[in-house]
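Now the structure itself:
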């Protein structure tokens with residue numbers, strides 16, 4: 016779950032960070048941006064992203080990134096454009112970047128037991 020600000024510079028920085036963290040695996044991981052559907056929810060954005068990630072882990076559906084026709088140069092990951100993606104997802108990452116440098120990232124894993 017990308018922060019997905021829809022700013023070419025911010026999106027490129029986020030893409031580069033995902034590549035640095037995940038290496039070649041970054042190209043195999045579906046990335047979504049809820050802001051494409053909900054807009055920027057300011058203080059609620061991180062909580063909504065986390066709740067949606069839990070839903071993805073429990074039900075196996077990554078929501079689409081809508082209105083994404085031409086990603087910025089260098090943004091070449093699988094951004095799940097226009098259509099939700101079904102799959103077996105055990106672990107996920109949700110990021111939230113706030114104004115003034117308040118940033119957070121959560122890694123969640125589906126409970127199996």
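Numbering (the working numbering), first residue to last: 16 to 128.
Each residue gets a CB set at the ideal place from its N, CA and C atoms; glycine is no exception.
Note that the structure is a prediction, hence the values are computed from the model and not measured.
Pick out whichever of the options has its Cα sitting closest to the Cα of residue i.
i           : options             : result
residue 100 : 126, 55, 125 and 68 : 68
residue 51  : 42, 22 and 39       : 22
residue 105 : 70, 37, 64 and 58   : 70
residue 55  : 19, 96 and 123      : 19
residue 122 : 25, 74 and 66       : 66
residue 118 : 84, 62 and 39       : 62
Hey, residue i and residue j: beta-carbon distance below 8 Å or not?
i           : j           : result
residue 45  : residue 76  : no
residue 72  : residue 125 : yes
residue 89  : residue 27  : yes
residue 108 : residue 16  : yes
residue 80  : residue 96  : yes
Classify residue i as buried or exposed, calling it buried when 16 or more other Cβ atoms lie within 10 Å of its own Cβ.
i          : result
residue 43 : exposed
residue 35 : exposed
residue 64 : buried
residue 33 : buried
residue 60 : buried
residue 98 : exposed
Tell me, please, which residues DSSP counts as bridged to residue i.
i           : result
residue 131 : In the structure as shown, the chain begins at 16 and stops at 128. Residue 131 is therefore absent and cannot be evaluated.
residue 87  : For residue 87, which the question treats as bridged, DSSP gives no partner whatsoever.
residue 30  : Beta-bridge pairing links residue 30 to no other residue.
Can you tell me whether residue i sits near the ligand SAH, meaning its C-beta is under 7 Å from at least one heavy atom of the ligand?
i          : result
residue 58 : For the ligand SAH, the structure offers nothing, since it holds no ligand at all.
Worksheet entry | Sequence ranges, alpha helix (DSSP H) only - wholly within the stretch 41 to 99, length at least 4 | 50 to 53 and 60 to 74
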